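Student: Residue numbers (full-length UniProt numbering): 1 to 416.
Glycine included, C-beta positions come from ideal geometry on N, C-alpha and C.
Keep in mind the model is a prediction, meaning the values are calculated, not measured.
Written out as structure tokens, the structure reads:
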């Protein structure tokens with residue numbers, strides 16, 4: 001396994017852009033939890049804190065793909081500094097308003113502006129795609145990126161809580177802004193690995209990548225899939241609070257990420273001789289089935305035991321979906337399409353957390369965890385309905401055998 005990951009970093013510039021991308025992607029989870037921590041401390045109103053944090057998350061889910069669309073048209077080096085500057089100014093305005101007891105509408109306004117934060121995980125994936133398009137190393141790179149995403153969503157929220165409680169309430173959003181500035185400043189000057197702007201065709205040039213049926217279906221599948229970790233976030237906190245130790249919620253989040261991360265690393269290092277549509281069906285079916293044990297959970301330790309298994313299918317399925325997007329999307333729309341995948345996932349997490357909280361408060365713990373079961377079933381239904389179209393699009397896009405494995409394990413597998 002180590003050889004597969006060592007090989008992808010042998011390309012010139014790979015270590016540099018992936019390291020800078022790691023710094024620049026930490027601000028996203030840090031900002032969401034940082035806003036929650038800051039406003040709950042400064043106003044004492046958890047509902048307001050949740051609404052403003054949700055405004056940021058959904059703003060980024062909508063604005064992020066627009067930033068990426070501009071990147072596809074003009075290039076990373078021209079767009080990222082501008083988007084980053086506006087987002088950081090939005091964060092600064094949010095900090096100022098939270099500190100100066102400004103009108104509440106200003107909090108929502110600056111949270112919206114902060115949502116212009118670029119999707120750096122999509123930018124990094126675009127560079128990996130440029131390096132390894134049509135080669136088996138790309139699956140390994142996508143697998144590693146999924147694991148890195150998991151790590152940031154474990155480290156970011158925990159770091160936000162520590163900063164805003166141990167230092168001062170505004171510390172976490174402030175750190176997010178600084179990390180974003182530093183990460184983008186390190187990332188953008190690496191022009192040798194920046195994907196060139198691709199020529200655009202006359203047909204459907206101005207349309208969003210989301211108008212493509214494969215992109216739309218896969219984004220909706222991730223929206224449903226993201227609802228599951230959103231449920232885990234909320235119910236992990238609820239069960240930990242019932243146990244009298246809120247810090248145990250961090251263990252629930254970490255175990256979920258560990259299960260997903262281990263499976264993602266193993267998936268990226270092995271030769272997979274299975275067509276991508278079949279891998280998608282296996283991944284989504286496994287995801288749906290592993291939500292069923294949640295119905296038996298009645299405490300935090302049961303949650304810890306169940307979430308590891310629930311996370312096993314998450315990262316590999318994300319890798320497969322990104323592979324399908326890469327194969328069915330024109331090169332001049334690829335960054336935007338990848339960002340829609342991430343936006344779908346982030347929206348699902350936010351939606352799952354919110355819906356689970358409401359259901360839990362009104363109907364109890366069993367109803368709360370059932371949100372994941374419903375989401376898994378919907379994801380599977382969408383997959384079954386979309387598979388014929390996805391198979392057709394993949395077959396149409398394929399001009400020859402496409403690898404889904406690493407090259408040191410023999411001949412590449414055929415994707416479809």
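Assign residue 278 to buried or exposed, taking buried as 16 or more other Cβ atoms, counted over all protein chains shown, within 10 Å of its Cβ.
Tutor: Residue 278 should be labelled exposed.
Student: If you draw a straight line from the alpha carbon of residue 295 to that of residue 284, how long is it in whole angstroms?
Tutor: Answer to the nearest angstrom: the Cα atoms are 19 Å apart.
Student: Let me know the secondary structure DSSP gives residue 299 once reduced to three states.
Tutor: Coil.
Student: Any idea if residue 336 is buried or exposed, counting beta-carbon neighbours within 10 angstroms, 16 or more meaning buried?
Tutor: By the 10 Å Cβ count, residue 336 comes out buried.
Student: Identify whether residue 64 lies in helix, strand or coil by the three-state DSSP scheme.
Tutor: Here residue 64 sits in helix by DSSP.
Student: To which residues of the same chain is residue 70 closer than 6 Å at the C-beta, ignoring the five residues directly before and after it?
Tutor: For residue 70, where only same-chain residues beyond five positions count, the Cβ hits under 6 Å are 79.
Student: Restricting to runs no shorter than 4 residues, where is the alpha helix (DSSP H) found entirely within the segment 101-154?
Tutor: The qualifying runs are 104-114, 120-132.
Student: Check for me: the alpha helix (DSSP H) holding residue 352 runs from which residue to which?
Tutor: 334-363 is the span of the alpha helix (DSSP H), which, as asked, contains residue 352.
Student: Comparing alpha-carbon positions, which option in 292, 103, 187 lies nearest residue 417?
Tutor: The structure shown has nothing for residue 417, since the chain only spans 1 to 416.
Student: For the 8 Å Cβ check, are there 3 or more pairs between the segment 86-96 and the segment 107-117?
Tutor: At 8 Å Cβ cutoff, the stretches touch.
Student: Starting from the C-beta of residue 54, find all residues in its chain whose C-beta is less than 8 Å away, skip the five residues before and the five after it, and write them out in chain order.
Tutor: Counting only Cβ-Cβ distances below 8 Å, and skipping sequence neighbours, we find 350, 354.
Student: Whole angstroms are fine: how far does the CA of residue 345 sit from the CA of residue 224?
Tutor: Going by the C-alpha atoms only, they are around 8 Å apart.
Student: Decide yes or no for the touch test of the segment 260-275 against the segment 162-177: beta carbon pairs closer than 8 Å, at least 3 of them.
Tutor: Cβ pair count under 8 Å is below three, so no.
Student: Looking only at its chain, what residues have a beta carbon closer than 6 Å to the beta carbon of residue 312, apart from the 5 residues adjacent to it on each side?
Tutor: Excluding sequence neighbours, residue 312 sits near 259, 263.
Student: What number of angstroms, rounded off, separates the C-alpha of residue 276 from the C-alpha of residue 396?
Tutor: Residue 276 and residue 396: Cα-Cα distance of roughly 14 Å.
Student: Can you name, in chain order, every residue of its own chain whose Cβ lies under 7 Å from the Cβ of residue 15, other than the five neighbours on each side?
Tutor: So the list reads 9, once near-sequence residues are dropped.
Student: Are the beta-carbon atoms belonging to residue 156 and residue 32 less than 9 Å from one another?
Tutor: For residue 156 and residue 32, yes; Cβs fall inside 9 Å.
Student: Between the segment 324-333 and the segment 291-311, are three or more C-beta pairs nearer than 8 Å?
Tutor: No, they do not touch.
Student: Determine the direct distance from the alpha carbon of residue 166 to that of residue 280, and round the result to whole angstroms.
Tutor: Each residue's Cα considered, the two are about 43 Å apart.
Student: Sort 321, 58, 182, 369 by Cα distance to residue 214 and report the nearest one.
Tutor: Selected option, being the one with the closest Cα: 321.
Student: If you measure between the beta carbons of residue 390 and residue 220, is that distance less than 9 Å?
Tutor: No, these two residues do not count as a Cβ contact at 9 Å.
Student: Please report how far the alpha carbon of residue 49 lies from the alpha carbon of residue 235, in whole angstroms.
Tutor: If you take the alpha carbons of residue 49 and residue 235, they lie about 19 Å apart.
Student: How would you write the range of the alpha helix (DSSP H) that residue 286 sits in, first residue to last?
Tutor: Note, residue 286: alpha helix (DSSP H), 276-289.
Student: Consult DSSP for residue 383 and reduce its assignment to one of helix, strand or coil.
Tutor: Residue 383: helix per DSSP, three-state reduction.
Student: So residue 154 and residue 257 are in contact, right, with Cβ under 8 Å, and what is the actual spacing, rounded?
Tutor: About 5 Å; that satisfies the 8 Å criterion.
Student: Nearest to residue 211 by alpha carbon, out of 334, 40, 359?
Tutor: Ranking 334, 40, 359 by Cα distance to residue 211 puts 334 first.
Student: Taking all protein chains shown into account, do 16 or more other C-beta atoms lie within 10 angstroms of the C-beta of residue 34, making it buried, or fewer, making it exposed?
Tutor: The residue in question, residue 34, is buried, as its Cβ has 16 or more Cβ neighbours within 10 Å.
Student: Would residue 302 and residue 239 qualify as a contact pair, given that the criterion is a beta-carbon distance under 9 Å?
Tutor: The answer is yes: Cβ separation under 9 Å.
Student: To the nearest angstrom, how far is it from the Cα of residue 411 to the Cα of residue 73?
Tutor: The pLDDT assigned to residue 411 is 33, lower than 50, so where the model puts this residue is not dependable, and the model offers no usable value.
Student: Quick one: Cα of residue 251 to Cα of residue 199, how far?
Tutor: Cα to Cα, residue 251 sits roughly 47 Å from residue 199.
Student: Who are the near neighbours of residue 67 in its chain, counting only those whose CB is closer than 6 Å to its CB and skipping five residues on each side?
Tutor: Cβ neighbours of residue 67 beyond the five flanking positions: 83, 118.
Student: Within 10 angstroms of its Cβ, does residue 128 collect 16 or more other Cβ (buried), or is it exposed?
Tutor: So residue 128 counts as buried.
Student: Could you give the distance in angstroms between the alpha-carbon of residue 190 and the alpha-carbon of residue 91?
Tutor: Looking at the two C-alpha atoms, the distance is approximately 26 Å.
Student: Please state whether DSSP places residue 84 in a helix, a strand or coil.
Tutor: DSSP places residue 84 in helix when its eight states are reduced to three.
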